[in-house]
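Down below is the structure, laid out as structure tokens.
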Amino acid sequence: MGQGRRDDTISAMRVFGLTGNIGSGKSTVAAMLRDAGIPVLDADRISRQVTAPGERAYDPVVRAFGKEIVRDDGSIDRKRLGEIVFSDPRLRSRLESITHPAILEAMKEAIALVEREGHRAVVVEAALIHESGRKGLFEAVISVTCDRETAISRLAARDGMTRGQAEARLRAQLPDDRKTGASDYVIDNSGDIESTRRQVVALARELLGKGAT
338 MGQGRRDDTI SAMRVFGLTG NIGSGKSTVA AMLRDAGIPV LDADRISRQV TAPGERAYDP
398 VVRAFGKEIV RDDGSIDRKR LGEIVFSDPR LRSRLESITH PAILEAMKEA IALVEREGHR
458 AVVVEAALIH ESGRKGLFEA VISVTCDRET AISRLAARDG MTRGQAEARL RAQLPDDRKT
518 GASDYVIDNS GDIESTRRQV VALARELLGK GAT
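Remember, this note's numbering sits 337 above the position in the sequence shown when you count from 1.
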């Protein structure tokens, strides 16, 4: 069930967070929300933008983690950086302390653009809303969940991860039951695609303030 508007949200427009652990299928849910008429901003894409050469977080990240994370073309090797930070919570926190403020500012700019376009609501897709203490930025948070074996299978098929690699990535995030318990809405993506779609369509109507027909 949704919660009332908070004073510390990031826009006067209705702004919702979309989260879920790796392999949960939150990008699939994001696409369905777009199909239902709600714009979705991808925090990971914004992260790539702010860490691109010449952008606001590029130099601080390179200074913190060294030239070994820089490709020949000058861009940051996100896979290499991910391997470094996922093996050490202190390094992960250090990276987040650099990138999160830059991502937040860029996100505010993107939300303002969506608002100027006349939309009633926007969703921000971000994996670490709860872990980073960002829940208060949103009117409500939607969590996408699936059973652990399904998540591991998806990571193996999508990213070519071994079971050990997939489990390490899952361990680096908030346990699924805690993430869903801290969220306002939950989409269960363990079943078939149509089951997920029905949940998303019903949720989109609620987020847009439309009653049942």
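Every residue, glycine too, gets a C-beta built ideally from N, C-alpha and C.
Of the listed residues T388, A519, A464 and A458, nearest to D379 (C-alpha basis): Taking the first residue of the sequence shown as position 1, residue 379 is located at position 42. The option with the nearest alpha carbon to D379 is A464.
V538 burial status per 10 Å Cβ neighbour count (16 or more: buried): As a first step, residue 538 is located in the sequence shown; it is residue number 201 there, counting from the start. The residue is exposed, with fewer than 16 neighbouring Cβ atoms inside 10 Å.
DSSP three-state label for T487, please. As a working note, residue 487 is residue 150 in the sequence shown. Assignment of T487 by DSSP, reduced to helix, strand and coil, places it in the helix class.
In terms of residue numbering, what span does the beta strand (DSSP E) encompassing T356 cover? The sequence position of residue 356 within the sequence shown is 19, counting from 1. From DSSP, the beta strand (DSSP E) with T356 extends over R351 to T356.
Are three or more beta carbon pairs between the region 367-386 and the region 505-517 nearer than 8 Å? No, the region 367-386 does not touch the region 505-517.
Could you have a look at I530 and say whether DSSP puts it in helix, strand or coil? If you number the sequence shown from 1, residue 530 lands on position 193. Under the three-state reduction of DSSP, I530 is assigned to helix.
Can you tell me where the beta strand (DSSP E) with A458 in it begins and where it stops? As a working mapping, residue 458 is identified with position 121 in the sequence shown. Unbroken beta strand (DSSP E) run through A458: A458 to E462.
With a CB to CB cut of under 6 Å and the five nearest residues on each side skipped, what residues in its chain are close to G354? Counting from one through the sequence shown, the residue named residue 354 turns up at place 17. Counting only Cβ-Cβ distances below 6 Å, and skipping sequence neighbours, we find V461, I466, F475 and V478.
Using the DSSP secondary-structure output, state which residues sit across from I524 in a beta bridge. The residue labelled residue 524 in the question sits at position 187 within the sequence shown. The bridge partners DSSP lists for I524 are V481.
Based on Cα-Cα distance, which residue from V377, R393, A488 and V366 lies nearest to I448? The residue given as residue 448 occupies position 111 in the sequence shown. Out of V377, R393, A488 and V366, V377 has the C-alpha closest to the C-alpha of I448.
Own chain residues within Cβ distance below 7 Å of R431, not counting five before or after: As a working note, residue 431 is residue 94 in the sequence shown. The residues are A401.
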